[in-house]
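Plus 84 on top of the position in the sequence shown (first one is 1) and you've got the working numbering.
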Amino acid sequence: MGTATTPVDEAQLNEFLGKMVGDLGAATNAPLMLLGDKLGLYRTLAASGPLSSADLATQTGTAERFVREWLAAQAASGYVSYDADADTYAMTTAQAMVLADEDSPVFLAGIFDSLYAMMVAEPKIRDAFRSGEGFGWHEHHPCLFGGTERFFRTGYKAHLVQEW
85 MGTATTPVDE
95 AQLNEFLGKM
105 VGDLGAATNA
115 PLMLLGDKLG
125 LYRTLAASGP
135 LSSADLATQT
145 GTAERFVREW
155 LAAQAASGYV
165 SYDADADTYA
175 MTTAQAMVLA
185 DEDSPVFLAG
195 IFDSLYAMMV
205 AEPKIRDAFR
215 SGEGFGWHEH
225 HPCLFGGTER
235 FFRTGYKAHL
245 VQEW
């Protein structure tokens, strides 16, 4: 193990730091993606785009300043597209299929409900680690089950009868 006094392989360290920074970015963006799903920001942008932050806020009944910040983060992550000349945002077909179209066989936005439930459960799971007692399914936040259903629904709908 490398420490302050033990030499470390710089390439290995930089590779690991890069992985961690990527994971931190993804984890930090998860709540924003949950908001985009819950507030209808992705669906509205996919259906009506390209839109300015003000137009998206008006159409979704949300505050423009928060929508502007949300859009900037989503564009920086590549989850929406930004046209600097027009100062508008839009979604590509691929982005919309994954984040806005609940009937798409590749829709993934529903999983963010489950991720929320996992984070909320952390104190109880930590206690279970210490005590050795279980953590029952009934103890999870209801978002876990709704998110799981939304995550798997489109795959089952597309493949269950036709292929499986």
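Where is the CB? At the ideal position from N, CA and C, for every residue including glycine. Being a predicted model, the structure only gives us computed values, none of them experimental.
Residue from ALA174, THR142, VAL190 whose Cα sits closest to the Cα of LEU155: ALA174
Can you list, in chain order, the residues of its chain whose CB lies under 8 Å from that of LEU135, leaving out five sequence neighbours each side? THR128, LEU129, GLN143, THR172, TYR173, ALA174
I need the DSSP call for LEU129, collapsed to helix, strand or coil. helix
Roughly how many angstroms separate the alpha carbons of GLY218 and ARG149, rounded to a whole number? 44 Å
Classify TYR200 as helix, strand or coil using the three-state DSSP reduction. helix
Tell me, please, whether the stretch 202 to 221 touches the stretch 158 to 168 by the rule of three or more beta-carbon pairs shorter than 8 Å. no
Rounded to the nearest angstrom, how far is the Cβ of ASP197 from that of CYS227, given a contact under 8 Å? 4 Å
Pick from GLY194, ALA201, ALA141, LEU244: whose alpha carbon is nearest that of GLU233? GLY194
Alpha carbon to alpha carbon, how far is GLY106 from TRP221? 30 Å
Where LEU183 falls, given that 16 or more other Cβ within 10 Å makes a residue buried: buried
Using the C-alpha atoms, what's the distance from LEU108 back to SER132? 31 Å
Tell me, please, whether the CB atom of ARG210 is closer than 7 Å to any CB atom in chain D? Considering every chain present, this structure includes no chain D. It has just one protein chain.
Between PRO189, GLY145, LEU199, which has its C-alpha nearest GLY224's C-alpha? Reading the sequence as shown, one finds His at residue 224 and not Gly. Of the listed residues, the one whose Cα sits closest to HIS224 is LEU199.
Residue range of the unbroken alpha helix (DSSP H) whose run includes ALA157: 148 to 161
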